[in-house]
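Report on the structure given below.
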Amino acid sequence: MKNYNKTYIIGAAAAFGIMTVVLNFFPRTTFSERERRDLASFPEFSAEKLASGAFTDSVSKWYSDSEPFREGFMTISENFNRIKGIKTGSGENAVTFIAGDAGDRPQYMDTTDFYDDDEFIDTVTVAADTTAAPTVAMDSIPKENKLAPKPPKPETENKDGYRVPNSGVILVGEVPNVRALLAFGCTSYFTKVYCEAVNMYKAAFPDVNIWVMPIPTASEFYGPEEARSVNWRQKPCIDAVFKKLDPNVHPVYIYDTLQAHLSEPIYLRTDHHWSALGGFYAAKCFADQAGLPFKSLNDGYEARTIHNFVGSMYGYAKDISVKNSPEDFVYYYPTQTQFTTHVISYIIDNKYNITKVYPEKERSYFAKFRDGSSGAYSTFLGSDSQLTRVETSAGNGRRVLILKDSYGNTIPSCLFYSFEEVHVVDFRYFTKNMKQYVADHKITDILFANNVTFCCTVTAAKKYKHFLNQPEGSGIVRDTTQTE
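Each residue of the sequence shown is one higher than the one before, starting from 51 at the first, in this note's numbering.
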């Protein structure tokens, strides 16, 4: 026993010594490919920061955030993390549910505070019996879901600068073909504010064609019935949007079209976005309804592929099976039209506030990523934090303004044959007055292209409303010299 204790102590001491050397003397990690972000850097010293405690806090954050071999340690942790999920079935029928963090889950506002802000609470609990499906902690769930009380709002935000509400992550299938889904838990009641915003645009621009395209996410089509108690149906929300629109607003109904192409890779397996192919079919629905020309994939595009792509769902799931199920990221380059892209870039701080605006400059529309890059979805536009204007050779007098979240990024390049100008605004980043912008650029069509989550929360709707009357230069947190 004494020898055993001695061996144990020596082994523990050796392990501790090795880890001490590794953590303190090996090169530190500066970028996380998994999280697609720069890690904390060593802070700049000042007497004021030292006195306030900010310096030591920053050193602590740097030390823990940039540990050597960080990605490898996280991979080891993720191998153990799978035991926390609820798993049923095997092979293609394997389903694993991983409960989301409180800041990620879909949360619902008290109707008495409906217009204040989007509030988030932890409403999902996982059944103690691991053989059972996850359940929602509500006495009963009406057909279109139920509102829950409003608690304090958490500060958690994702890397894109806004919350992606979800009831957790659902993993379907097994390596190498795992599909990771964000469970959907929003209610159609709150489409009211989104539709109010859209209708305000029709009132503001009576001579402009206003189009609305609610985009279903992958969990609507690929979510298994075993997880339906936390992954609610999206179609009632989409239908509710169309019912509440001004009669003069044009609905773009893409649901049936997407459903008809489910055997094709229209959604990414490892990312929370759809694929370029899904966006292509949606853009065709829009162009057909608008009576505009549209090229087929065979006639007007060159398919380009980024291999071994693993997207954002690896970060949400924190599950090694997602990393071990890479996929091809395919996008389509328009070859039968000339187009020139002009971009006004926004610099944002670590709280996603706009701090500087660069003058408009010509830039490539498509960003280039190497095989294996986790940022391949940014092939379109390169970034959300910009205002994009594309001039094409369509020459038909039609100019479209696309108001979107990141789901809308796949759509603009599919419309280069349909419009002589394509303008792209992300709801998070716009510093101009919308009425003036539409007038200055002689916009003929406005397309709202948002995934259904943002049709069921006030996040985007409040921004869209504010754009109509905000002064030029709105939303910049520090003084900036702008050159128009």
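Even glycine gets a Cβ: it sits at the ideal position worked out from N, Cα and C.
Using the three-state DSSP reduction, which class does I365 fall into: helix, strand or coil? Correcting the residue identity first, residue 365 is Gly in this sequence and not Ile. Reduced to three states, the DSSP call for G365 is helix.
Shortest alpha-carbon distance to S30 belongs to which of R354, T429, N358 and L437? Outside the displayed range of the chain (51 to 534) lies residue 30, so it cannot be described from this structure.
For T355 and F379, believed in contact at Cβ under 8 Å, the rounded distance: 7 Å
Tell me whether D378 sits in a helix, a strand or coil according to DSSP, three-state version. strand
When DSSP builds the beta bridges, which residues end up paired with Y351? P384
Environment of R420 [buried if 16+ CB atoms lie within 10 Å]: exposed
Under the assumption that V475 contacts V450 (Cβ atoms under 8 Å), give the Cβ distance between them as a whole number of angstroms. That belief does not hold up - the Cβ atoms of V475 and V450 are roughly 11 Å apart, past 8 Å.
Which class does T509 belong to by DSSP, given the choice of helix, strand or coil? helix
In the DSSP assignment, the alpha helix (DSSP H) including E591 goes from what residue to what residue? No statement about residue 591 is possible, as the shown extent of the chain runs from 51 to 534 and does not include it.
With distances taken Cα to Cα, identify the nearest neighbour of S91 among G422, T106 and S269. T106
Helix, strand or coil for T267, going by three-state DSSP, please let me know. coil
CA-to-CA distance, L347 to K242, given in whole angstroms: 37 Å
K334: first and last residue of the uninterrupted alpha helix (DSSP H) it sits in: Here the alpha helix (DSSP H) through K334 covers A326 to Q339.
Would the beta-carbon of G365 fall within 8 Å of that of V280? no
Residue span of the alpha helix (DSSP H) that contains D490, given as start and end: That run of the alpha helix (DSSP H) goes M484 to D490.
Pick from W261, G235, G273 and D257: whose alpha carbon is nearest that of T146? G273
Can you check DSSP and say which residues form a bridge with Y396? V407
Count the other C-beta atoms from every protein chain shown that fall within 10 angstroms of the C-beta of T385, then say buried if there are 16 or more, exposed otherwise. exposed
Which residue's Cα is closest to the Cα of F255: G458, R413 and K492? K492
Do T391 and R413 come within 8 Å of each other at the CB atom, strictly closer than that value? yes
Between the Cα of D495 and the Cα atoms of G350, D257 and K512, which residue gives the shortest distance? D257
Just mark K411 as buried or exposed, buried being the case when its beta carbon has 16 or more other beta carbons within 10 Å. Here K411 is exposed. Its C-beta has fewer than 16 other C-beta atoms within 10 Å.
What three-state label does DSSP hand F292 in the structure shown? helix
Just to confirm the assignment, what range does the alpha helix (DSSP H) spanning L232 have? Taken as a continuous stretch (DSSP letters only), L232 belongs to no alpha helix (DSSP H), being part of the beta strand (DSSP E) at R229 to L232.
Could you compute how far the alpha carbon of N249 sits from the alpha carbon of V527? 29 Å
Can you name the start and end residues of the alpha helix (DSSP H) that L308 belongs to? Boundaries of the alpha helix (DSSP H) around L308: Y305 to A310.
Are F469 and A444 closer than 8 Å when you measure CB to CB? Result yes, Cβ atoms of F469 and A444 sit closer than 8 Å.
Report the three-state DSSP secondary structure of E522 (helix, strand or coil). Reduced to three states, the DSSP call for E522 is coil.
Put F40 into one of helix, strand or coil per three-state DSSP. It is not possible to answer for residue 40, since the shown part of the chain is limited to 51 through 534.
Where does Q486 land, buried or exposed, given buried means 16+ other C-beta within 10 angstroms? With fewer than 16 other Cβ atoms within 10 Å, it is exposed.
Taking Cβ positions, are T481 and I404 nearer each other than 8 Å? yes
Please go through the same chain and pick out, in chain order, the residues whose beta-carbon is closer than 7 Å to the beta-carbon of S269, but skip the five residues on each side of it. I220, L231, L232, A233, F234 and N281
Where do the ends of the alpha helix (DSSP H) carrying K418 lie? Run containing K418: none; DSSP gives neither H nor E here.
Count the other C-beta atoms from every protein chain shown that fall within 10 angstroms of the C-beta of E98, then say buried if there are 16 or more, exposed otherwise. exposed
Using the three-state DSSP reduction, which class does F504 fall into: helix, strand or coil? Here F504 sits in helix by DSSP.
Please return the same chain residues whose Cβ sits closer than 8 Å to the Cβ of G447, not counting the five positions on each side in sequence. E470 and T494
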